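Undergrad: I'd like to ask you about the structure that follows.
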Amino acid sequence: MAVNWSREKILASLREKGTTAAALADQSGMSRFTFYKGLTTPYPKVQNLIARSLGQPPQVIWPVFYDDCGQRRHVIRRKAA
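Just so you know, our numbering puts 22 at position 21 of the sequence shown, and the rest follows in order with no gaps.
Have a look at this one:
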C-alpha cells in the first residue's frame with residue numbers, strides 16, 4: 002500500500018529546491034498554520050502549491066489522498082454527534 006511522504010521529507014525537499022513552507026505560505030497569502038496543516042491532511046490548495054514547487058504531481062507525494070490520475074480520493078468523515 003502506498004504511503005504519503007513524511008512531513009520531514011516534504012520540508013527537506015522544499016529546502017533542497019531553495020524554498021521553505023513558510024515562504025510558500027507567505028507568497029500565497031495563507032497562514033503558516035493552515036499551510037503546515039496541509040502537509041499531513043487533505044488540503045488540495047496547499048498540496049498543489051507544494052507539488053508544483055517540488056516538480057512532482059500531488060499523487061506522488063500524497064498517494065493516500067489522490068488516485069493515479071491526480072483526482073482527490075473521497076475522504077471518510079465522521080458524522081456530527
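Even for Gly, the Cβ is constructed at its ideal location relative to N, Cα and C.
All figures in this text were calculated on a predicted structure; none of them were measured in a lab.
Do three or more CB pairs link the stretch 45-61 to the stretch 25-32 at distances below 8 Å?
TA: With the cut-off at 8 Å, the stretch 45-61 and the stretch 25-32 touch.
Undergrad: Using C-beta distances below 8 Å, list every residue in its chain close to S32, excluding the 5 sequence neighbours before and after it, in chain order.
TA: What you label residue 32 is simply residue 31 of the sequence shown in a count that begins at 1. A26.
Undergrad: Is it buried or exposed for F34, if we count other Cβ within 10 angstroms and need 16 for buried?
TA: Mapped onto the sequence shown, residue 34 falls at position 33. Classification of F34: exposed, given that the 10 Å Cβ count is below 16.
Undergrad: What are the boundary residues of the alpha helix (DSSP H) that P45 is part of?
TA: Counting from one through the sequence shown, the residue named residue 45 turns up at place 44. Per DSSP, P45 belongs to the alpha helix (DSSP H) from 45-55.
Undergrad: Can you round the beta-carbon distance between D69 and Q60 to whole angstroms, since I take them to be within the 8 Å contact cut?
TA: In the sequence shown, residue 69 corresponds to position 68, counting from 1. In the sequence shown, residue 60 corresponds to position 59, counting from 1. Confirmed, Cβ separation roughly 6 Å.
Undergrad: Determine the direct distance from the alpha carbon of R73 to that of Y67, and round the result to whole angstroms.
TA: As a first step, residue 67 must be located in the sequence shown, where it is residue number 66. As a first step, residue 73 must be located in the sequence shown, where it is residue number 72. Going by the C-alpha atoms only, they are around 4 Å apart.
Undergrad: Compute the Euclidean distance between the alpha carbons of S7 and S14, then round it to the nearest angstrom.
TA: Residue mapping note: residue 7 aligns to position 6 of the sequence shown, counting from 1. Residue mapping note: residue 14 aligns to position 13 of the sequence shown, counting from 1. Computed Cα separation, rounded: 11 Å.
Undergrad: According to DSSP, is R74 helix, strand or coil?
TA: The residue given as residue 74 occupies position 73 in the sequence shown. Looking at R74 - three-state DSSP - the assignment turns out to be coil, as it is neither helix nor strand.
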